[in-house]
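Novice: Chain order of the listed sequences is A and B.
The first sequence begins at 3 in the numbering used here and counts up by one.
The second sequence begins at 35 in the numbering used here and counts up by one.
Backbone N, C-alpha and C fix where the C-beta goes; we use that ideal spot for every residue, glycine too.
These figures come from a predicted structure and were not determined experimentally.
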Amino acid sequence: MDTITLTVKKVPEIYLECESLNPDTFAGKTGDQIAKLPAYQGKEMSTLGEYFTISGNAGATAAETKIIVNGDCSKMKYIGAKMTAGEIVVNSDCDMYTGSWMSGGKLLVKGNVHSFCGLALKGGEFIIEGNAGNYLGAAYRGDWRGMSGGVLRVKGNAGSDVATFMTGGEMIIEGNVDIHLGTHMEGGKIVLKGNANRRVGGQLVKGEIYVFGKINVMMPGYKKTGEVDLEVDGTKARFTEYIGDLGERHPKRKGETVYGKLYMKK
Amino acid sequence: MSEYIIKNGHVFDPVQGIKGDKKDIAIKDGKIVDKVGSSAKTIDAKGKTVMAGALDIHAHVAGPKVNAGRWYRPEDKHFDSHKVPGITRIEGGKSIPTVFKTGYAYARMGFTFVMEAAMPPMYARHVHEEIHDTPIIDEAALPVFGNNWFILEYLKNQEIENTAAYIAWILRQTKGYGVKVVNPGGTEAWAWGLNCLTIHDPVPYFDITPSEIVTGLMKANEYLGLPHSMHIHQNDLGNPGNYTVTLDTLKLAEGIKPKNNFGREQVMHSTHLQFHSYGGDSFANIDSKAKEVMDYVNKNKNITMDTGNVTLDETTTMTADGPFEHHLHALNHLKWFNVDVELETGAGVVPYIYSPNVSVNAIQWAIGLELALFAKDPMRCFITTDHPNAGPFTRYPRVYSWLMSKKVRDERLNTFKNADKVIGATYLAEIDREITLYELAQMTRAGPAKALGLGKDYGGLAPGMNADIAIYNIDPDKFPSTGADIEKAFANVAYLFKDGKICVEEGKIVDMGNKHTFWVDAKVKENKQVMHDIREKFLKYYSVNENNYPVPESYAPHQHILTVDAVQ
């Protein structure tokens, strides 16, 4: 695996759209070629080279390419968006759309990410060491296709509307979330280690949500069905099981209605 | 204005019957002329195909329901919103592109005229605002009449003269081009939670049937002698077994004769027939009745039709057929937009994904192609995707590749997930016909121009006609063999002349041209009854004042008015 290092030499005044900053675009290119890749500010096009010092070379394929980004990226969008393989480590905060539409590889952000990150994640691993904003791992505005695969882990807190329209994959939030977790969910698994505010699993059709902390106000559409012992993300504990959202349509399988599940740690 | 001479190109022009011969085309002052002076700029078209600019007879490209699609589907334009170098503005959107992309993308494919297929009269201003903002291409819009209260009341009593006077009034108020009918009676029934699924289902309250509405509107259209015929989206769209309703509707044209000074020979244009040519009685056993429908169309010269080809893309369906959109939403559970337009019409919008893995979608794809391949008279069968309903108009090059190459369409047909089922339910596998470049020029140029009553000036390359010319990088002697090559050639013209000006060069927009809005001004003798009814309805029912209803000149500053005298 070849490593290429990008160091911020100029912090953009207006948000910079870094759709080119991923192993797929970098693959097979030299540092000079990468410096010429486009980066947008609104309708103005500039290049990655204008904002980054680039050292090293990319690998022949995305899978053989590791990108390390140093410096302040808090005004940069789309880092790692649409990546299919390889690795990115960002030693900074990042702005919107970081790791969105990712379908493979590994993306590690050592700082915080803003809203709309990890949208419609399909595969791969996206780890955020700091906090995440709103709409983490949700569907894009207007879209009905949210996170469908892969693993998304936040070590800090996340905002509201996390995992909207989730259909698959696994999301772990080690801190707390605000309102609207897993709205319209139709599959997949959410593990919340901290607390949630309100409206967890609203209009949830299928899928599982595990909550280690407390939910401020529980949705009325959930019904307690019993208690189970489970191992969730390495923690063995006893959980209270609920089914829901009873206000939503639910599919049938072999004559049995399939409900979403909500587990609250005792 | 500059002079041009296009030399050595292979010319395809149904108006003059030129089938690929090498011929020079001279242009002066925006018109095609016999010859130009020696100072004329030469365009070398050696090894290229020269045709008139194409006309799209049916697309939804401007107005409130298109815009509803845009605002409620931000996801449709997320990934293609960057400015590219050049004189163009940012282009966005796939199935519901921005007005700018609409103009550029049509021009790049060689189109110079597009008909907006459904204009709600009350929102005509919005339609014209968007038309005005769409660069390069000429456009017109068809106001919808099939569920309008005035029409329903006049036709219940078979008052053709009053119907005609009202149509003439609406065309002038809305700067409209002709008579569009969408699910006659059905959209009004939808306001009562019902629908009209055959041509004999009565409309609630008004107690009139779709059959009476369609017949009456055809008669009123010919009474006025409008350039275009009545243009119909039939009842029972999209349902298995609907071809019998389709044949019933087509038969309504029997015995009605065209009467106009524009060279039009049809009295009914039946649009997106693909959605109306289904057999079977459920989506499990749906099959193609394209042959049955086209057998009828082929025999009856007073009917024209367009295909409505499914392109197998994610798209946004939108129609004034409100009940159909609710039905579609119940099938796919995707977001549904619905609106009622007071006394006039309604509309619905629902996203839809045509998947090659779903056999119904693949059968729809095959039916659309069959319609064109069964057509005996290419001057009466036009290619559309009913943009964006069966697919985005940007897919025309791909549709052409399926129609023009048996190899390309068989590759698609044989690789469907349920290929055997699709082949069993359709005729396509047995059809060997390949549409020629000459037939394509008939189906996309001369044919639609004639059906729209524009055949004198548009759709051909004869001296005196408008200099709207598309030159493609296609050598007819070495026609591209792969689907990708055919698509590429039709997607990017070598040159597009619009009104004698080069607007596109090698797929790049170089000039915004002089776009015009076409509309029809029909003069009728003063009709006190109709004017009284209009005044009364505005006082009693409309939410707008009659004086705020018309589209002012400023909304369509570059007009091309076709005048019709029906005073008699």
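Pull up the distance between the alpha-carbon of B/Y239 and that of B/W105, whole angstroms please.
Specialist: Cα to Cα, the separation comes out at about 35 Å.
Novice: Just verifying my parser: in three-state terms, what is the DSSP assignment at B/Y434?
Specialist: helix
Novice: Compare the Cα-Cα distances from B/G425 to each of B/C415, B/E404, B/S439 and B/W399 and report the closest residue.
Specialist: B/W399
Novice: Using DSSP bridges, identify the partner residues of A/M173.
Specialist: A/L154 and A/I192
Novice: Along chain A, which residues have their Cβ under 7 Å away from the Cβ of B/Y106?
Specialist: Chain A residues near B/Y106: G144.
Novice: Using CA atoms only, rank isn't needed, just tell me which of B/K57, B/Y492, B/K333 and B/K117 is closest to A/A41.
Specialist: Among B/K57, B/Y492, B/K333 and B/K117, the Cα nearest to that of A/A41 is on B/K117.
Novice: Can you give the Cα-Cα distance for A/T63 and A/A134, rounded to whole angstroms?
Specialist: 30 Å
Novice: Starting from A/Y42, find everything on chain B with Cβ-Cβ shorter than 7 Å and list it in chain order.
Specialist: H116
Novice: Hey, B/V527 and B/I536 are a contact pair by Cβ (cut 8 Å); roughly how many whole angstroms apart?
Specialist: No, B/V527 and B/I536 are not in contact; Cβ-Cβ is about 10 Å, not under 8 Å.
Novice: When Cβ atoms are compared, which residues of the segment 43-63 of chain A fall closer than 9 Å to chain B?
Specialist: G44, K45, E46 and M47
Novice: For the 8 Å Cβ check, are there 3 or more pairs between the segment 402-409 of chain B and the segment 282-290 of chain B?
Specialist: no
Novice: Can you check DSSP and say which residues form a bridge with A/C96?
Specialist: A/V115
Novice: For B/G314, I'd like the list of residues in its chain whose CB is within less than 7 Å of its CB, leaving aside the five on either flank, ordered along the chain.
Specialist: P274, G275, I320 and D321
Novice: Beta carbon of B/L89: closer than 8 Å to some heavy atom of the ligand MN?
Specialist: Here there are no bound small molecules, and the ligand MN is not part of this structure.
Novice: Which runs of the beta strand (DSSP E) spanning at least 3 residues fall entirely within the segment 168-196 of chain B, listed in chain order?
Specialist: 172-177
Novice: Would you mind reading off the limits of the alpha helix (DSSP H) that contains B/R104?
Specialist: P98 to Y106
Novice: Taking the alpha-carbon positions, what's the B/I59 to B/N294 distance?
Specialist: 30 Å
Novice: With a threshold of 9 Å between beta-carbons, can A/A141 be considered close to chain B, or not?
Specialist: yes
Novice: Check each candidate in B/S73, B/P155, B/I61 and B/P131 and name the one with the smallest Cα separation from B/N582.
Specialist: B/P155
Novice: Applying the 10 Å Cβ sphere with the 16-neighbour rule, what's the burial state of B/H44?
Specialist: buried
Novice: B/A152 and B/G87 - do their beta-carbons sit closer together than 9 Å?
Specialist: no
Novice: Below 7 Å on C-beta distance, what does B/H112 contact in chain A?
Specialist: Y142
Novice: Which residue spans inside the segment 197-224 of chain B form an unbroken alpha helix (DSSP H) run of at least 4?
Specialist: 220-224
Novice: How about B/V161 and B/V133: do their beta carbons lie closer than 9 Å?
Specialist: no
Novice: So, are the CB atoms of B/A600 and B/K557 less than 9 Å apart?
Specialist: Closer than 9 Å, so yes.
Novice: Residues of chain A with a CB under 9 Å from the CB of B/E109: which are they?
Specialist: One finds A141, Y142, R143, G144, D145, W146 and R147 in chain A with Cβ atoms closer than 9 Å to the Cβ of B/E109, taken in chain order.
Novice: Are there 16 or more other CB atoms within 10 angstroms of the CB of B/E173, so buried, or fewer, so exposed?
Specialist: buried
Novice: At a CB-CB cut-off below 7 Å, which residues of chain A make contact with B/I124?
Specialist: K45
Novice: Determine the chain A residues that contact B/L368 at a beta-carbon separation under 8 Å, and present them in chain order.
Specialist: W146
Novice: Specify the secondary structure class of B/W653 as computed by DSSP and reduced to three states.
Specialist: Lying outside 35 to 602, the shown extent of chain B, residue 653 of chain B is not represented and no answer is given.
Novice: Give a yes or no on whether the C-beta atoms belonging to A/K267 and A/G196 are separated by under 9 Å.
Specialist: No, Cβ-Cβ distance for A/K267 and A/G196 is not below 9 Å.
Novice: Between B/T83, B/K128 and B/L271, which lies nearest to B/H112 when the distance is taken from Cα to Cα?
Specialist: Taking only the C-alpha atoms, the option nearest B/H112 is B/K128.
Novice: Within this structure, are the beta carbons of A/S117 and A/G189 separated by less than 9 Å?
Specialist: no
Novice: Alpha helix (DSSP H) containing B/V327: first to last residue?
Specialist: A324 to K333
Novice: Looking only at its chain, what residues have a beta carbon closer than 6 Å to the beta carbon of A/T259, apart from the 5 residues adjacent to it on each side?
Specialist: H252
Novice: Out of B/K62, B/I171, B/S72 and B/T351, which one is the CA nearest neighbour of B/M546?
Specialist: Cα-wise, what sits closest to B/M546 is B/I171.
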